[in-house]
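Trainee: One structure is given below, represented as structure tokens, and several questions about it will come after.
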Amino acid sequence: MEIIKSPEEMHAWARARALSGKTISLVPTMGFFHEGHLSLMRMAAKQCDLVVVSLFVNPTQFGPNEDLDRYPRDFERDMALVQQEKVAAVFAPTPDLMYPQGFQTQVSVANLTTHLCGQSRPGHFAGVTTVVSKLFNIIQPEVAVFGEKDFQQLAIIRRMARDLNIPVKIVSHPIVREADGLAMSSRNTNLNPANRAAALSLSTALQLARERVGQGVRSVAELTKILEAHILSFSGTAIDYVSFVDFETLEPMTVAEARTVLALAVRIDGKVRLIDNGFVIPQAVG
Ligand code: PAF
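Count along the sequence shown from 1, add 1, and you get the number used in the numbering used here.
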């Protein structure tokens, strides 16, 4: 497995492989790997001849008061984990190589970014789409694999690839959860034991929503009230959003139905912001 730091070298590596007839699937990450990332890599290995994993904590997708400095990093540990997967190369540039002096271009998607995380994290998605466009241009993968935990990010990247005619197939992987239901996230490492208990407010809210919808409660206003009370019953939680949205347009819905995704963002102890999501009628979708 090769570790490549410079965008030019990465591009040359990928181009040489493509010219020799190899297909490449890309797994974009910010590192601090967990089972969720490893599942993306395994899915990517099934799609193409070679897997490239990018590992870059992208500063432009963090707001001024967000957790860029506290975002967990452990390059050695990540390399030990990735060595065990079928990964041909890791692209791990530094910020100055990705954003050299004079950098001034941004890729942004309009409407989809105004909902959900877009409300409390202004500029976040422009940072994501800019860096993902750069990764697509540098590596030119046939396939790129993203996790469904970042459900809004996935919708935005799909839109961007379609709108800009980027010849990449976007593939998604279902959320990978801990045994007790907590969605895996690199940020979970910043949870102390009390916060870890409060973090279960998200996955249990999702379960509760499915139960209530199954029992016939379809009014989003009513469901929202039930879920907010549930989340706030865990100590140290503050709700960023509890939203029922259409899975494609991300527009808010007033009645829960087959197209409805419940999207949640909760701050734990004021420090760690966690997200989770899922269809409210899971069996109704593929
Ligand atoms: O999902 C992430 O880890 C990041 O947003 C991504 C897609 C790697 C872009 O920095």
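Think of the CB as a built atom: it goes at the ideal place given N, C-alpha and C, for glycine as much as any other residue.
Roughly how many angstroms lie between the CA atoms of S40 and S236, to the nearest whole one?
Mentor: 32 Å
Trainee: Identify the continuous alpha helix (DSSP H) that holds A199 and give its terminal residues.
Mentor: 194-215
Trainee: Distance, Cα to Cα, R184 vs N191?
Mentor: Arg is not the amino acid found at residue 184; the sequence shown has Ala there. For the pair A184 and N191, the Cα-to-Cα distance works out to about 14 Å.
Trainee: Per DSSP, what are the beta-bridge partners of H174 in this structure?
Mentor: BP columns for H174 point to G148.
Trainee: For P253, which beta-bridge partners are listed by DSSP?
Mentor: V246
Trainee: Do V246 and H125 count as a contact pair if the criterion is CB distance below 8 Å?
Mentor: no
Trainee: At the level of alpha carbons, what is the spacing between E229 and R213?
Mentor: 14 Å
Trainee: Tell me which residues pass a beta-carbon proximity test against ligand 1: closer than 6 Å to any heavy atom, given in chain order.
Mentor: P29, T30, M31, N59, Q62, V129, V132, V133, D151, Q154
Trainee: Note down the Cα distance separating T106 from T131, rounded to an integer number of angstroms.
Mentor: Pairing T106 with T131, the inter-Cα distance amounts to about 8 Å.
Trainee: S55 bridges to which residues according to DSSP?
Mentor: P29, F92
Trainee: First and last residue of the alpha helix (DSSP H) that includes N66?
Mentor: Premise fails: N66 is in no alpha helix (DSSP H) and is neither H nor E.
Trainee: Rounding to the nearest angstrom, what Cα-Cα distance links S202 and V146 in this structure?
Mentor: Here the alpha carbons of V146 and S202 stand approximately 28 Å from one another.
Trainee: Helix, strand or coil for G271? Go by DSSP, reduced to three states.
Mentor: Looking at G271 - three-state DSSP - the assignment turns out to be coil, as it is neither helix nor strand.
Trainee: Name the DSSP beta bridge partners of D277, please?
Mentor: L265
Trainee: Over what stretch of residues does the beta strand (DSSP E) that includes I282 continue unbroken?
Mentor: First-last for I282: undefined, no H or E at that position.
Trainee: Looking at the secondary structure, which residues open and close the alpha helix (DSSP H) in which E10 lies?
Mentor: 8-20
Trainee: Quick check: the Cα distance between V172 and V144, rounded to an integer number of angstroms?
Mentor: 7 Å
Trainee: The alpha helix (DSSP H) that contains E36, what's its start and end?
Mentor: 36-48
Trainee: In the structure shown, what three-state DSSP assignment does D79 receive?
Mentor: helix
Trainee: Go ahead and label N196 buried or exposed: buried means 16 or more other beta carbons lie within 10 angstroms of its beta carbon, across all protein chains shown.
Mentor: buried
Trainee: Would you kindly work out how many angstroms separate the C-alpha atoms of T225 and S26, rounded to a whole number?
Mentor: 39 Å
Trainee: Compare the C-alpha of S220 against each of A206, M254, S234 and name the closest.
Mentor: M254
Trainee: Anyone know if the C-beta pair for F152 and N278 falls short of 8 Å?
Mentor: Taking 8 Å as the Cβ cut-off, F152 and N278 qualify as a contacting pair.
Trainee: In angstroms with no decimal places, state the Cα-to-Cα distance between L207 and V281.
Mentor: The C-alpha of V281 is placed about 8 Å away from the C-alpha of L207.
Trainee: Which residue from S134, M2, N138 puts its Cα closest to that of A81?
Mentor: M2
Trainee: Can you list, in chain order, the residues of its chain with a C-beta nearer than 8 Å to that of L98? Leave out the 5 residues immediately preceding and following it.
Mentor: K6, S7, P8
Trainee: To the nearest angstrom, how far is the alpha carbon of A17 from that of L136?
Mentor: 17 Å
Trainee: Take I157 and list the residues in its own chain whose beta-carbon comes closer than 8 Å to its own, dropping the five residues that flank it on each side.
Mentor: Its chain contains V110, L113, T114, F126, V129, T130 as the residues whose beta carbon lies nearer than 8 Å to that of I157, once the 5 sequence neighbours on both sides are disregarded; these appear in chain order.
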